[in-house]
Structures are given as C-alpha cells and as structure tokens.
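Asks: In the numbering used here, the protein residues as written are 176 to 572.
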Amino acid sequence: MNELRDFFQHQFGAAPTHFVQAPGRVELLGNHTDYNQGLVMALAVDKHITLAVAPRNDGVVEIRDMAFPEVARFRVDQIEKDPAIPWANYPKGLLLQLQQRGVKFGGFNAAIRSTIPLGAGLSSSAAFLVSTALAVRKLYPYSLTDAGAGAPPPPEANSALPPLDYMQKMLLAKACQAAENQFVGVNCGLLDHISSLFGQAWQVILIDCLHLTVNWSPLHGDIAVVVCHSGVKHALVGGEYNDRRAHCESAAKTLGVPSLRFATPEMLEANQAKLAPRDLGCARHIVGENQRVTEGSQLLAADKLVEFGRLLLVSHESSRHNFLNSCPELDLLVELAKTHAGCLGARLTGGGFGGATLNLVRRDQAEDFRAKMAAGYEQKTGRKLQSWICQVVNGAA
Ligand code: GLA
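This is the structure in structure tokens:
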C-alpha cells in the first residue's frame, strides 16, 4: 500500500483519498460453463489489483500503472479506444457502462498496482474492472438497480459507504461483464467478475449462471491451492474464446434448448448425427462440466477430496479432447502433477489456450510439489515455471 501511495503522490503531486482492492480468481471446476448458463466453482485468491484514487474537478480521468510507462488520459464525456493503451479499455468500458446506467461521476486520478500475474488466467482483467467500479463508487457514491442508477447509498455513522450487498455485487458484476463484452470485445461470462466480488476466505464460490445465485462451501485447510503458470499465451485468445462460445450456442440451437444448461448426455447421444462435429465436442464438454460441478460440490461437502481431485483430471481430459482449449504445455503440467503423490487433482483453469493449471495438493507436500513441477517442466520445455500457493481470500472492497 505504501509503495502505491508514494507512486501516486509522486505522479500526481498529492496524496490519494481512497484505496480499493479486488482479487483475481482461480476457476476450480466448471470450464466455459458460465456463458452457457451453467455451474461453476471458483476461488478468490490472494493476488490483487489495488487502485489509489483521488477526485479531479476538470472532468478528466488520468490513470497510471506502476508496471507500464503509458499514461491513459481522457475526458469522462469523451471515452474512446486508444490502440496504443489497450489496458485502458477495461476502465474505459466500465465507465461507459456506468454512464449508460445513468450513474453520474466526474474525473479522477488513479494509480494501479497489480500482483496478479499477466496471462496466467487469474483474471486480472476482472479485478481491474471491479476495482474501477468500486473506486468510482467511493469517489462519486452510486447504487444500481435493474433499471439503472438508484439513489446513492446513505453513508454510515462514520461517513463510510455501506458495504456492497448481494444485489449491488451482482449488478456490478453484470456491468463489468458488459464492459468486457461490448468494449473490450471478449464474449466472456460472469465467472470472473462474480468471483472477484463474492469471494470469501477459505470458501469455494458456487455460481449458478442460470439463476444467478451464489453459494459458498468450505475448502478444507489441509489442502493447498497451487497454480502453475505455463508461461504460454497463445495468440488469438479472444478469437479462440469467442469461437468456442459460438460452437456452444450453435449446439444449443440445433438441440432446440435455450442454452447448454438444458442439454443432457442422452440428448447429445440421440442428436449426434445432427450436430456439427465441433458443436458436439463443445457440447460434450459443457454438459460434462455441469455434471462434474454438481457431483463435485457433493464430494466437497462430504470431505471426499480424493474423489474430488479425480474430477479435476477428467475435466482436463475433456478440455483436451472435447473442447480443444488445452495446449501441449498445459497437458505436460497436468501429466507432471499426476506423478506427484501429494497431488489430488490438476486441470487447466480459466479460458485455456495457455495460462495456468490449478492443482490441489496436500499442504505438507506443496513446496515439494512446486519444486518437482519446476524441475520437470524446465527439463522438458526449457522454460522456467512460475507457481504460487494461493490463499483463498475475501472479495473486493
Ligand atoms: C475466462 C472467461 C470466463 C470463463 C472462463 C472459462 O476466464 O473470462 O468468463 O468463461 O474463461 O470458464
């Protein structure tokens, strides 16, 4: 925090008035199910984007990131893309969404510090969107309703803003998703934004993307969540992602259901001939993932972590063969993980096509697991492996 405060002071010549912070997330199970109205399990993790902000009275927004030299500077009444500063599309898209909902705000200065590794699939983009939404709320208090902006929240006795309630979090998550869909150009679902907002320490977040409900279930303390970053970021990620979504939607259309949430394995088998091969592969993945999340939440509740871990491996196989969103480096990481006695399960996490794997590892063997994974990965690929033991944390505030 001090480093960010000093950076802000140095860049803007005055101290910030507020700080906000939003975590990244790890998708535990339920891959690409979110935009298919499906089921997902996620964890908010101790990698954060922190914003230091202060209001300005000239209608200008100026954003400086501690890690990048470029400065994003624009008027709140003139928000446009600047291809030279692609990271600024996130706050810009979010500000436009707030404006479209009738939220009124002026300019501000913002400094960013991120501990979320880029390209690892831990959703720094969602954390950036969520922290921008919270920063504006601190500076220019607003609330949202289904119909647009509501009355500003009444300050509490100590003049602090009340914490976000369930409804506000859900409406903010939707605004963040809309920013990414409409301004950034990735047709992502709600998983990342919901996870960043609704996380709870040492709880698994269970998201039902049809009914838009969130529940929590404890994650047991003797298990470590280890994220291994392949260091690979495939080109055309947005294109691949949108392509998979199109196949899912096409499959649902052929099956005559509103979304793949309503498809069953029997339905897929009965309609094999009608479904285009890639539509069928994608549909098999989604239908299987929904089943695995249902089964997995029962296993977690019953403390059956070994069986839960096996579902992660099945999920990865399905990514690899049905959804085609893995890559050789991710497959290698999962193969290496399987050979470690302390590992209960491993799979790619998030969009895929590079990024990271999630590993559930017995806590007392987690450091040994990291060391063996690093050695094995470097030996086979020549690449250094970055890995983290993640703590499961509360959502944005
Ligand atoms: C990315 C997207 C999410 C979700 C996952 C895959 O993280 O942003 O909406 O679709 O991929 O589950």
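Don't be surprised by glycine CBs; every beta carbon is placed ideally from N, CA and C.
Note the first and the last residue of the continuous beta strand (DSSP E) segment covering Met176.
Replies: Sequence index remark: in the sequence shown, residue 176 carries index 1 (1-based). Unbroken run through Met176: none, as it is neither H nor E.
Asks: With a 10 Å radius around its C-beta and 16 neighbouring C-beta atoms as the bar for buried, classify Cys397 as buried or exposed.
Replies: Numbered from its first residue, the sequence shown carries residue 397 at position 222. For the record, residue 397 in the displayed sequence is Asp; it is not Cys. Exposed, since its Cβ has fewer than 16 Cβ neighbours within 10 Å.
Asks: Suppose only complete runs of 4+ residues qualify. What are the alpha helix (DSSP H) ranges in the segment 259-304, listed by chain order?
Replies: Counting whole runs of 4 or more residues, the segment 259-304 contains the alpha helix (DSSP H) stretches 264-275.
Asks: For Cys423 versus Cys457, is the C-beta distance shorter than 8 Å?
Replies: Reading the sequence shown from its first residue, position 248 is the one you call residue 423. Reading the sequence shown from its first residue, position 282 is the one you call residue 457. Contact flag set, yes.
Asks: How big is the Cα-Cα spacing for Leu179 and His223?
Replies: The count along the sequence shown starts at 1 and reaches residue 179 at position 4. The count along the sequence shown starts at 1 and reaches residue 223 at position 48. Near 13 Å, if we compare the C-alpha coordinates of His223 and Leu179.
Asks: Is Cys363 a contact residue of the ligand GLA, with contact defined as CB to any heavy atom under 7 Å?
Replies: Residue 363 sits at position 188 when you count from the first residue of the sequence shown. Yes, Cβ of Cys363 sits closer than 7 Å to a heavy atom of the ligand GLA.
Asks: What are the boundary residues of the alpha helix (DSSP H) that Asn333 is part of?
Replies: The residue you call residue 333 lines up with position 158 of the sequence shown. It is not in any alpha helix (DSSP H) - Asn333 carries neither H nor E in the DSSP assignment.
Asks: Who are the near neighbours of Ala477 in its chain, counting only those whose CB is closer than 6 Å to its CB and skipping five residues on each side?
Replies: Within the sequence shown, the letter at position 302 stands for residue 477. For Ala477, where only same-chain residues beyond five positions count, there are no Cβ hits under 6 Å.
Asks: Is the separation between the beta-carbon of Leu499 and that of Lys555 shorter than 8 Å?
Replies: Numbered from its first residue, the sequence shown carries residue 499 at position 324. Numbered from its first residue, the sequence shown carries residue 555 at position 380. It is not a contact, given that the beta carbons lie outside the stated cut-off.
Asks: Can you tell which of Gly484, Val407 and Trp391 has its C-alpha closest to the C-alpha of Ala295?
Replies: Reading the sequence shown from its first residue, position 120 is the one you call residue 295. Out of Gly484, Val407 and Trp391, Val407 has the C-alpha closest to the C-alpha of Ala295.
Asks: Relative to the alpha-carbon of Asp252, which residue among Glu464, Gln275, Arg239 and Val246 has its alpha-carbon at the smallest distance?
Replies: Locating residue 252 in the sequence shown gives position 77, where the first residue counts as 1. The option with the nearest alpha carbon to Asp252 is Gln275.
Asks: Report yes if the C-beta of Tyr210 is less than 7 Å from at least one heavy atom of the ligand GLA; otherwise report no.
Replies: Along the sequence shown, one-based indexing puts residue 210 at 35. Yes, the Cβ of Tyr210 comes within 7 Å of a heavy atom of the ligand GLA.
Asks: Drop a sphere of 10 angstroms on the beta-carbon of Asn333, count the other beta-carbons inside from all chains shown, and report buried for 16 or more, exposed for fewer.
Replies: By 1-based counting over the sequence shown, the position of residue 333 is 158. When all chains shown are included, Asn333 counts as exposed.
Asks: If we ignore side chains and look at the alpha-carbon of each, how far apart do Asp321 and Glu553 end up?
Replies: On the sequence shown, residue 321 is found 146 positions in, with the first residue counted as 1. On the sequence shown, residue 553 is found 378 positions in, with the first residue counted as 1. Rounded to whole angstroms, Asp321 to Glu553 spans 50 Å at the Cα level.
Asks: Judging by CA-CA distance, which residue of Arg538, Leu535, Val379 and Ser562 is the nearest neighbour of Met548?
Replies: Within the sequence shown, numbered from 1, the residue matching residue 548 stands at position 373. Selected option, being the one with the closest Cα: Ser562.
Asks: When every heavy atom of the ligand GLA is checked, does at least one fall within less than 7 Å of the C-beta of Ser298?
Replies: What you label residue 298 is simply residue 123 of the sequence shown in a count that begins at 1. For the ligand GLA, at least one heavy atom lies less than 7 Å from the Cβ of Ser298.
Asks: Let me check understanding here. Comparing Cα to Cα, which of Glu415, Asp418 and Leu474 lies closest to Pro393?
Replies: Counted from its first residue, the sequence shown places residue 393 at position 218. For Pro393, the nearest C-alpha among the options comes from Leu474.
Asks: Whole angstroms are fine: how far does the CA of Val235 sit from the CA of Ala219?
Replies: Here residue 219 is taken as the residue at index 44 of the sequence shown, counted from 1. Here residue 235 is taken as the residue at index 60 of the sequence shown, counted from 1. If you take the alpha carbons of Ala219 and Val235, they lie about 32 Å apart.
Asks: What did DSSP end up calling Leu474 once you bin it into helix, strand or coil?
Replies: Sequence index remark: in the sequence shown, residue 474 carries index 299 (1-based). Leu474: helix per DSSP, three-state reduction.
Asks: Could you tell me which residues DSSP puts in a beta bridge with Gln561?
Replies: In the sequence shown, counting from the first residue as 1, residue 561 sits at position 386. BP columns for Gln561 point to His404.
Asks: Measure how close the beta-carbons of Leu535 and Leu523 come, nearest whole angstrom, since I'm counting them as under 8 Å.
Replies: As a first step, residue 535 is located in the sequence shown; it is residue number 360 there, counting from the start. As a first step, residue 523 is located in the sequence shown; it is residue number 348 there, counting from the start. With a Cβ gap of about 14 Å, Leu535 and Leu523 do not count as contacting.
Asks: Where Leu430 and Met442 are concerned, what is the direct C-alpha to C-alpha distance, given to the nearest angstrom?
Replies: As a working note, residue 430 is residue 255 in the sequence shown. As a working note, residue 442 is residue 267 in the sequence shown. Approximately 8 Å, taken between the alpha carbons.
Asks: According to the neighbour-count rule (16 or more other Cβ atoms, all chains shown, within 10 Å of its Cβ), is Glu202 buried or exposed?
Replies: On the sequence shown, position 27 is the one that residue 202 refers to. With 16 or more other Cβ atoms within 10 Å, it is buried.
Asks: Which residue spans inside the segment 471-552 form an unbroken alpha helix (DSSP H) run of at least 4?
Replies: Counting only runs of 4 or more, we get 480-493 and 503-513.
Asks: Can you confirm whether the segment 261-274 touches the segment 347-355 when touching is taken to mean that 3 or more C-beta pairs between the two stretches lie within less than 8 Å?
Replies: The segment 347-355, when compared against the segment 261-274, does touch it at the 8 Å Cβ threshold.
Asks: Is it right to say Tyr210 is buried, meaning 16 or more other beta carbons lie within 10 angstroms of its own, or is it exposed?
Replies: In the sequence shown, counting from the first residue as 1, residue 210 sits at position 35. Buried, by the Cβ-count rule.
Asks: So, are the CB atoms of Phe358 and Asn417 less than 8 Å apart?
Replies: Locating residue 358 in the sequence shown gives position 183, where the first residue counts as 1. Locating residue 417 in the sequence shown gives position 242, where the first residue counts as 1. No; because the gap between Cβ atoms is not below 8 Å, this pair is not in contact.
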